[in-house]
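*Asks:* Chains as they are written, first to last, in full-length UniProt numbering: chain A, 1 to 75; chain B, 1 to 75. The beta-carbon is built from N, C-alpha and C at its ideal position, and this holds for glycine as well. Remember, it's a predicted structure, so these values are computed and weren't measured experimentally. Okay, handing you the structure first.
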DNA sequence: TTGTGACTTTAAGTCCGTG
DNA sequence: CCACGGACTTAAAGTCACA
């Protein structure tokens, strides 16, 4: 499983959980709306700086965004 | 605490634990020798692709490299 | 509310070397 | 074995108008 896929999935899932739109999250994280969109569609491999800013916007830990549900199985 | 700092610390600590040189890890992860050095000195903020490749080279999860020991306190 | 293409600027990442 | 430098190529960061 690609790390981008894991990140994109966790990002979208957590954003929905918090009830935020891409626009609202973008504002919280100090990023552009379309950039969040790009990350969710796996256009880019985000840098850890961006992961951190998004994590703060979602009020979670950076590590949570890279955590794979099936980590124990794929290791 | 900066995410780069956390990453750099975890990277160096885990690499030492595994008994690998920067050169050996670079080879394992398919990265440049000097780049690993740069990451440990916090010159660059790595992309999640690089985090993932390094994690594989160290035989750990990507999330482990971004995990902060004092996460609960700094949140 | 989100996806997408086009675009420019900045930083990542490689490869050569040195002490 | 590692810190550090210069020069280089590629990918990400960041913004916009439009569907």
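Using a Cβ-Cβ cut-off of 8 Å, state whether residue 45/A counts as contacting chain B.
*Replies:* Along the first chain, read from residue 1 onward, the residue named residue 45/A stands at position 45. Yes, residue 45/A lies at the interface with chain B (some Cβ there is under 8 Å from its Cβ).
*Asks:* Tell me which same chain residues have a C-beta within less than 6 Å of the C-beta of residue 28/B, skipping the five on either side of it?
*Replies:* Here residue 28/B refers to the residue found at position 28 when the second chain is read from its first residue. Within the same chain, residue 28/B has close Cβ partners 57.
*Asks:* Mind the definition here: the segment 43-50 of chain A touches the segment 48-57 of chain B only if three or more C-beta pairs lie below 8 Å; say whether that holds.
*Replies:* Taking 8 Å as the limit for Cβ pairs, the verdict is that the segment 48-57 of chain B does touch the segment 43-50 of chain A.
*Asks:* Check residue 61/B in the structure and name its three-state DSSP category.
*Replies:* If you number the second chain from 1, residue 61/B lands on position 61. The answer is coil: DSSP assigns residue 61/B none of H, G, I, E or B.
*Asks:* Report, in whole angstroms, the separation of the C-beta atoms of residue 76/A and residue 40/A, which I expect to be a contact under 8 Å.
*Replies:* Nothing in the structure corresponds to residue 76/A, since chain A is present only between 1 and 75.
*Asks:* Could you name the residues of the same chain whose beta carbon sits closer than 8 Å to that of residue 52/A, not counting the 5 residues immediately before and after it, in chain order?
*Replies:* Reading the first chain from its first residue, position 52 is the one you call residue 52/A. So the qualifying residues of the chain are 62.
*Asks:* Can you check which of these residues, 13/A, 60/A, 17/A and 54/A, is closest to residue 32/A by C-alpha distance?
*Replies:* The residue labelled residue 32/A in the question sits at position 32 within the first chain. The option with the nearest alpha carbon to residue 32/A is 54/A.
*Asks:* At the level of alpha carbons, what is the spacing between residue 26/B and residue 36/B?
*Replies:* Position 26 of the second chain, counted from the start, is the residue given in the question as residue 26/B. Position 36 of the second chain, counted from the start, is the residue given in the question as residue 36/B. For residue 26/B and residue 36/B, the distance between alpha carbons rounds to 6 Å.
*Asks:* Which residues in chain B sit within 8 Å of residue 12/A, going by Cβ to Cβ distance?
*Replies:* One-based indexing of the first chain puts residue 12/A at position 12. Simply none; closest approach about 15 Å.
*Asks:* Which residues, in chain order, does the UniProt domain "HTH cro/C1-type" (11-65) of chain A contribute to contact with chain B at a C-beta distance below 7 Å?
*Replies:* Hits within the stretch, in order: 45, 46, 47, 48, 49, 51, 52, 61, 62 and 63.
*Asks:* To the nearest angstrom, how far is it from the Cα of residue 19/A to the Cα of residue 13/A?
*Replies:* Counted from its first residue, the first chain places residue 19/A at position 19. Counted from its first residue, the first chain places residue 13/A at position 13. Their backbone Cα atoms lie some 10 Å apart in a straight line.
*Asks:* DSSP three-state label for residue 73/A, please.
*Replies:* Start at 1 with the first residue of the first chain, and residue 73/A comes out as number 73. Because residue 73/A carries a pLDDT of 40, less than 50, the predicted location of this residue cannot be relied on, and the following value inherits that uncertainty. Residue state, collapsed to three classes: helix.
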